[in-house]
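**Q**
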Amino acid sequence: MAHLFRDLSLGHSKRESTPPPPPLQTKPPPMPTNKLTPTDLQSPLGQLASQLTDSDLRLTAYDVFLAVCRTSASKPLSTSASSISDSPSQNSPGQNHNHSPSSPALQRSLTSAAASKMKKALGLKSPGSKKSPGSAPGSGQGKSKRPTTVGELMRIQMRVPESVDARVRRALLRIGGGLVGRRIESVVLPLELLQQLKQSDFSDQQEYDAWQKRNLRVLEAGLLLHPRVPLDKSNNASQRLRQIIHAALDRPIETGKNNESMQVLRSAVMSLASRSDGSLSDSCHWADGIPLNLRLYEMLLETCFDINDETSIVEEVDELMEQIKKTWLILGINQMLHNLCFAWVLFHRFVSTGQVEMDLLYAADGQLAEVAKDAKTTRDPEYSKILSSTLSSILGWAEKRLLAYHDTFDSGNVYTMQGIVSLGVSAAKVLVEDVSTEYRRKRKEVDVGRNRIDTYIRSSLRTAFAQRMEKADSSRRASKNQPNPLPVLAILAKDVGELAVHEKQVFSPILKGWHPLAAGVAVATLHSCYANEIKQFISGITELTPDAVQVLRAADKLEKDLVQIAVEDAVDSDDGGKAIIREMPPYEAETAIANLVKGWIKTRLDRLKEWVDRNLQQEVWNPQANQEGYALSAVETLRIIDETLDAFFQLPIPAHPALLPDVIVGLDKCLQYYVIKAKSGCASRNTYIPTMPALTRCEIGSKFQGVWKKKEKSQNTQKRNSQVATMNGDKSFGIPQLCVRINTLHHIRSEMDVLEKRIVTHLRNCESAHLEDFSNGLSKRFELTPAACVEGVQQLSEAVAYRIVFHDLSHVLWDGLYVGEPSSSRIDPLLQELEQNLLVISETVHDRVRTRIITDIMKASCDGFLLVLLAGGPSRAFSRQDSQIIEDDFKALKDLFWANGDGLPADLIDKFSATVRDVLPLFRTDTESLIERFKRVTLEAYGSSARSRLPLPPTSGQWNPTEPNTLLRVLCYRNDEAASRFLKKTYNLPKKL
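For the sequence shown, the UniProt record's numbering gives the first residue as 1, with consecutive numbering after it.
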């Protein structure tokens with residue numbers, strides 16, 4: 001046998017001497033029930049259709065064993081020295097009970113010289129210091145004695161009473177007398193035992209009846225129910241035997257005689273048993289049909305285990321197995337069936353003894369290696385059927401534990417996992433590679449071990465995940481009355497993370513022997529399981545809540561942990577773990593959080609925009625609303641923006657820096673919207689500048705000059721009133737109100753810097769912020785609002801300036817200054833009212849924008865002064881002598897803004913009065929020089945085309961002493977005959993409109 005287990009580890013012998021067998025009992029004790037057969041593991045060797053119990057099979061197997069050993073021609077061995085020295089005065093069991101001389105094989109003495117080769121190969125242990133075969137409670141006092149022969153050892157191992165053993169030996173002795181020239185396999189043993197033993201050979205009728213029924217049922221099982229050679233339906237012998245057996249079971253026949261009933265029984269039995277199975281031997285076939293032969297052989301193989309130490313092989317297993325194999329002739333067993341049966345027996349013993357003796361499991365796995373070799377060399381259908389059944393049973397048992405190995409194994413028994421996995425994979429390989437017809441047909445290259453482990457991992461972790469989910473739900477229900485209980489999926493994420501770590505540390509190192517990416521497959525499975533839950537959760541989220549964020553953050557952490565395990569596990573794989581990572585599509589938890597936050601931002605911004613619209617409609621821009629002089633609506637708007645930023649940074653999310661630009665852009669647009677609405681409808685600089693009248697020439701010395709003055713004044717007033725009619729009906733657009741708007745925009749602009757600093761402070765307190773978040777200043781800045789504020793202040797400042805000059809003071813500027821005689825309509829009235837407006841402006845606007853507005857008023861005043869001089873209409877005319885009046889008035893205008901050094905800076909005044917200063921000398925220049933200069937600059941501007949006729953230069957509005965239109969207008973308003981003739985001749989200009 002040793003060659004069958006050459007690859008297995010060596011075992012250890014613990015066998016000691018055993019006490020003598022109990023004295024012969026006149027009545028055999030009841031056979032002990034087989035406590036080793038678990039209810040969940042049925043024998044795959046086949047179920048018998050007859051009513052034979054395990055006890056019946058055991059006794060029948062013992063009969064066969066005694067028969068083949070007694071008739072074998074083995075040479076008897078000398079009694080071992082140890083046996084003789086141990087018990088020199090005691091006889092052998094056969095001599096002790098007047099048995100006939102036993103066969104040489106049965107009398108072969110047992111040796112204890114060296115540990116069994118078979119046990120060494122199997123890696124199995126010898127019995128420990130427990131009771132050895134033959135010992136029993138109350139078996140007597142004195143020094144214990146071990147069995148001295150194989151026969152005696154087998155009797156003890158099979159729990160056969162000595163009385164039964166003696167009876168069978170007597171019968172075999174009688175049978176042997178008639179076997180001259182014949183072998184034991186040429187007879188039907190149950191039939192011969194029925195022929196040789198009679199009622200008087202038994203202690204009572206009950207024992208005799210049980211014995212007779214057992215042998216009749218064996219004949220029924222071997223010849224009718226499970227025959228080696230299939231029965232023909234027309235076979236009369238089978239019908240006759242069935243009738244005989246059924247009748248005998250109801251009414252026992254008389255055995256031990258050559259009477260008619262025995263002759264009829266013999267005739268029917270021999271007719272069926274003698275049928276040829278195609279071989280040339282003269283063997284009788286009564287116990288070699290499947291599954292009867294396998295069940296009997298299973299009983300014999302069970303004897304290799306010590307009855308007092310169920311997990312140990314007896315020391316004498318080599319000699320015992322040598323005798324057991326002699327039953328192959330009767331039972332129809334061959335080496336392949338032996339290997340398969342022995343693998344099953346080893347496995348079954350491991351299972352039935354509590355799955356604690358790993359040597360048994362490793363021995364079974366080693367035996368399966370021999371089975372795998374056999375499976376590749378045969379295509380026998382009967383063998384394949386038994387092979388498939390046996391391996392399926394082993395695999396089924398293993399997979400029942402491995403498909404949910406988290407329930408099967410813990411720290412106390414995880415050491416058994418590797419053996420069970422190895423056994424299951426070995427069975428699966430043979431089933432797939434050697435039994436599966438589909439595999440043989442397609443000849444696929446399949447890594448069976450890897451596939452099975454993959455299945456075990458995925459199945460077990462799905463089961464474990466479902467259990468964790470149920471546990472998380474229970475935990476949530478238990479804590480619902482506590483403050484801030486964790487959401488179920490957050491609890492589950494934590495549990496799944498712990499499960500993944502446990503898997504990596506405990507199970508993956510074992511499973512990696514068959515699957516290089518065991519941990520990766522495990523975390524991919526957990527990732528997939530949790531993905532089903534988290535994606536369903538994400539699809540149902542409608543708003544950002546603390547629970548939602550908590551779950552999504554937990555999911556994101558779990559995913560990162562699982563991916564990290566997968567990456568570490570695949571570091572040495574061919575593809576670097578890409579296949580596993582592809583199985584783990586992202587949860588998009590961060591994206592979901594971002595989308596929720598963006599939804600939250602949009603909701604806040606929409607509310608803010610609605611608030612801005614509503615409050616701007618109600619805003620009256622009252623200068624007395626507060627001391628600072630800006631609108632209350634702006635104060636509230638900035639407060640809401642500040643609260644929005646605070647609320648954003650208080651969100652329990654990990655990505656504040658990433659989402660901050662969205663918040664700032666949204667708030668920036670809202671503030672820009674406020675600024676645009678605040679300045680809308682406030683007109684602009686051009687709204688107030690009057691339309692220039694058509695060019696005319698002066699009517700020298702006309703007595704109707706006053707008439708033209710009155711008519712011109714009426715026309716100009718009408719035009720001006722039509723241009724600003726929209727401004728008069730709304731008090732919110734008065735000068736004080738416009739100043740409040742300017743203050744408001746300036747306040748918003750200055751608050752931008754405060755907001756940006758506050759954002760940086762929030763970022764510093766944010767756990768997820770990085771250095772680059774501070775260095776990237778653009779993402780924290782308001783870009784639209786500051787520009788809109790600057791533009792708005794400029795527009796409103798100019799609107800205030802030109803409104804004051806051209807609208808509010810039009811009666812003293814446009815309608816009064818230099819109308820008629822310049823010396824009698826000078827600038828003083830304008831300066832008085834302008835000064836009053838400057839006082840109002842100074843008291844209303846903020847210090848930081850006051851200079852700008854007053855500067856714009858000065859610019860508007862200069863523009864108005866030039867407009868009176870160059871486009872004042874027919875009611876105005878200037879002689880060269882009036883130039884001094886004009887220059888003095890202009891100086892007075894500048895002095896107003898200079899205010900003896902308390903007003904605008906001198907350089908600023910000079911800068912914005914430069915145009916007036918450059919144009920005024922023209923009013924002092926003589927007419928001829930003006931005409932010549934006009935002709936020259938016109939020719940320069942228009943070239944040779946202007947030589948025949950001077951073109952009329954268009955009005956550009958950009959006054960300049962070298963610009964043709966400016967020179968032309970000075971001539972138009974020159975109260976001089978030469979100028980009037982030139983204009984009449986050149987352009988035919990009228991004297992009045």
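For each residue, glycine too, the CB sits at the ideal point set by N, CA and C.
(1) Going by alpha carbons, who is nearest to residue 185 out of 63, 55, 694?
(2) Pull the bridge partners of residue 305 from the DSSP assignment, please.
(3) On the DSSP bridge assignment, give the partners of residue 820 in chain order.
(4) For residue 386 and residue 392, I'd like the C-alpha separation in whole angstroms.
(5) Give me the residue from 962, 960, 961, 928 with the minimum Cα distance to residue 983.
(6) Name the DSSP beta bridge partners of residue 844, please?
(7) Roughly how many angstroms lie between the CA atoms of residue 89 and residue 49, to the nearest whole one?
(8) For the alpha helix (DSSP H) that contains residue 972, what are its first and last residues?
(9) In the structure shown, what three-state DSSP assignment does residue 915 receive?
(10) Short of 6 angstroms in beta carbon distance, which residues of its chain neighbour residue 428, apart from the five on each side in sequence? Order them along the chain.
(11) Just to confirm, are residue 862 and residue 916 a CB contact at a threshold of 8 angstroms?
(12) Need the endpoints of the alpha helix (DSSP H) that residue 429 sits in, please.
(13) Among 598, 421, 548, 406, which residue has its Cα nearest to the Cα of residue 504?
(14) Please report how far the alpha carbon of residue 563 lies from the alpha carbon of residue 530, in whole angstroms.
(15) Which complete alpha helix (DSSP H) runs does the UniProt domain "MHD1" (549-692) hold, if anything under 4 residues is left out?
(16) Just curious, the alpha helix (DSSP H) that residue 289 is in, first and last residue?
(17) Give me the Cβ distance between residue 883 and residue 924, rounded to the nearest whole Å; I'm assuming they're in contact under 8 angstroms.
(18) Measuring CB atoms only, is the segment 640-648 touching the segment 751-764, in the sense that at least three cross pairs come out at less than 8 angstroms?
(19) Alpha carbon to alpha carbon, how far is residue 951 from residue 939?
(20) Please return the same chain residues whose Cβ sits closer than 7 angstroms to the Cβ of residue 1002, not counting the five positions on each side in sequence.
(21) Roughly how many angstroms separate the alpha carbons of residue 239 and residue 246, rounded to a whole number?
(22) If we ignore side chains and look at the alpha-carbon of each, how far apart do residue 518 and residue 581 end up?
(23) Can you find the residues in the same chain that come closer than 6 angstroms, C-beta to C-beta, to residue 979, ignoring five residues on each side of it along the sequence?
(24) When you compare each of 547, 471, 513 to residue 485 by their alpha carbons, which one comes out closest?
(25) For the segment 611-630 against the segment 587-601, are there 3 or more C-beta pairs whose distance is under 8 angstroms?
(26) Only counting the same chain, and skipping five residues up and downstream in sequence, which positions put a Cβ closer than 7 angstroms to that of residue 318?
(27) For the alpha helix (DSSP H) holding residue 739, just list the boundary residues, first then last.
(28) State buried or exposed for residue 215, treating a residue as buried only when at least 16 other CB atoms are found within 10 Å of its CB.
(29) Could you tell me the alpha carbon to alpha carbon distance between residue 79 and residue 236, rounded to whole angstroms?
(30) Should residue 269 be flagged as near chain D, meaning a C-beta pair shorter than 8 angstroms?
(31) Assign residue 827 to one of three DSSP states: helix, strand, or coil.
(32) Identify whether residue 979 lies in helix, strand or coil by the three-state DSSP scheme.
(33) Which of the three DSSP states, helix, strand or coil, is assigned to residue 338?
(34) For residue 692, which option in 296, 368, 957 has the closest C-alpha, if you only look at C-alpha atoms?
(35) Is the number of C-beta pairs between the segment 324-341 and the segment 414-422 that are closer than 8 angstroms three or more?
**A** Once the coordinates are examined:
(1) As a working note, residue 185 is residue 185 in the sequence shown. Taking residue 185 as reference, the option from 63, 55, 694 with the minimal CA-CA separation is 63.
(2) In the sequence shown, the residue the question calls residue 305 occupies position 305. DSSP, once it has assigned bridges, lists 313 as partnering residue 305.
(3) Stepping through the sequence shown from its first residue, residue 820 is reached at position 820. DSSP output for residue 820 lists 876 as bridge partner(s).
(4) Here residue 386 is taken as the residue at index 386 of the sequence shown, counted from 1. Here residue 392 is taken as the residue at index 392 of the sequence shown, counted from 1. Answer to the nearest angstrom: the Cα atoms are 10 angstroms apart.
(5) Within the sequence shown, numbered from 1, the residue matching residue 983 stands at position 983. Proximity to residue 983 across 962, 960, 961, 928 peaks at 928, based on C-alpha coordinates.
(6) The residue you call residue 844 lines up with position 844 of the sequence shown. DSSP lists no partner for residue 844.
(7) Taking the first residue of the sequence shown as position 1, residue 89 is located at position 89. Taking the first residue of the sequence shown as position 1, residue 49 is located at position 49. The pLDDT assigned to residue 89 is 33, lower than 50, so where the model puts this residue is not dependable, and the model offers no usable value.
(8) Locating residue 972 in the sequence shown gives position 972, where the first residue counts as 1. First-last of the alpha helix (DSSP H) with residue 972: 964-972.
(9) The sequence position of residue 915 within the sequence shown is 915, counting from 1. DSSP places residue 915 in helix when its eight states are reduced to three.
(10) Residue mapping note: residue 428 aligns to position 428 of the sequence shown, counting from 1. Result list for residue 428: 395, 448, 452, in chain order.
(11) Position 862 of the sequence shown, counting from 1, holds the residue named residue 862. Position 916 of the sequence shown, counting from 1, holds the residue named residue 916. Yes. Within cutoff.
(12) As a position in the sequence shown, residue 429 is number 429, starting the count at 1. Here the alpha helix (DSSP H) through residue 429 covers 417-430.
(13) The count along the sequence shown starts at 1 and reaches residue 504 at position 504. When each option's Cα is compared against that of residue 504, the closest is 406.
(14) Position 563 of the sequence shown, counted from the first residue, corresponds to residue 563. Position 530 of the sequence shown, counted from the first residue, corresponds to residue 530. Cα to Cα, residue 563 sits roughly 13 angstroms from residue 530.
(15) Complete alpha helix (DSSP H) runs here, min 4: 578-582, 589-618, 632-650, 656-679, 685-688.
(16) Within the sequence shown, the letter at position 289 stands for residue 289. For residue 289, there is no enclosing alpha helix (DSSP H), since its DSSP letter is neither H nor E.
(17) Translated into the one-based positions of the sequence shown, residue 883 becomes position 883. Translated into the one-based positions of the sequence shown, residue 924 becomes position 924. Going by Cβ atoms, the distance from residue 883 to residue 924 rounds to 4 angstroms, so yes, they are a contact pair.
(18) yes
(19) For this step, residue 951 is matched to residue 951 along the sequence shown. For this step, residue 939 is matched to residue 939 along the sequence shown. About 9 angstroms.
(20) Absent from the structure is residue 1002, since the part of the chain shown begins at 1 and ends at 993.
(21) One-based indexing of the sequence shown puts residue 239 at position 239. One-based indexing of the sequence shown puts residue 246 at position 246. So the two alpha carbons sit approximately 11 angstroms from each other.
(22) Sequence index remark: in the sequence shown, residue 518 carries index 518 (1-based). Sequence index remark: in the sequence shown, residue 581 carries index 581 (1-based). If you take the alpha carbons of residue 518 and residue 581, they lie about 13 angstroms apart.
(23) As a working note, residue 979 is residue 979 in the sequence shown. Taken in chain order, the residues that qualify are 927, 971.
(24) Numbered from 1 along the sequence shown, position 485 holds the residue referred to as residue 485. The candidate whose alpha carbon is nearest that of residue 485 is 547.
(25) no
(26) For the purposes of this step, residue 318 is taken as the residue at position 318 of the sequence shown. Cβ neighbours of residue 318 beyond the five flanking positions: 1, 116, 117, 118.
(27) The count along the sequence shown starts at 1 and reaches residue 739 at position 739. Residue 739 -> alpha helix (DSSP H) spans 735-764.
(28) Counting from one through the sequence shown, the residue named residue 215 turns up at place 215. It counts as buried.
(29) Position 79 of the sequence shown holds residue 79. Position 236 of the sequence shown holds residue 236. At residue 79, the pLDDT of 27 sits below 50, so the modelled position is not reliable; the number obtained from the coordinates is stated separately. Straight-line measurement puts the Cα of residue 236 at about 52 angstroms from the Cα of residue 79.
(30) Note that chain D does not occur in the displayed structure, where there is just one protein chain.
(31) Counting from 1 along the sequence shown, the entry for residue 827 is found at position 827. Correct three-state label for residue 827: coil.
(32) As a first step, residue 979 is located in the sequence shown; it is residue number 979 there, counting from the start. Residue 979: helix per DSSP, three-state reduction.
(33) Residue mapping note: residue 338 aligns to position 338 of the sequence shown, counting from 1. Judged by DSSP in its simplified three-state form, residue 338 adopts helix.
(34) Within the sequence shown, numbered from 1, the residue matching residue 692 stands at position 692. Just measuring C-alpha positions, the residue of 296, 368, 957 sitting nearest residue 692 is 957.
(35) no
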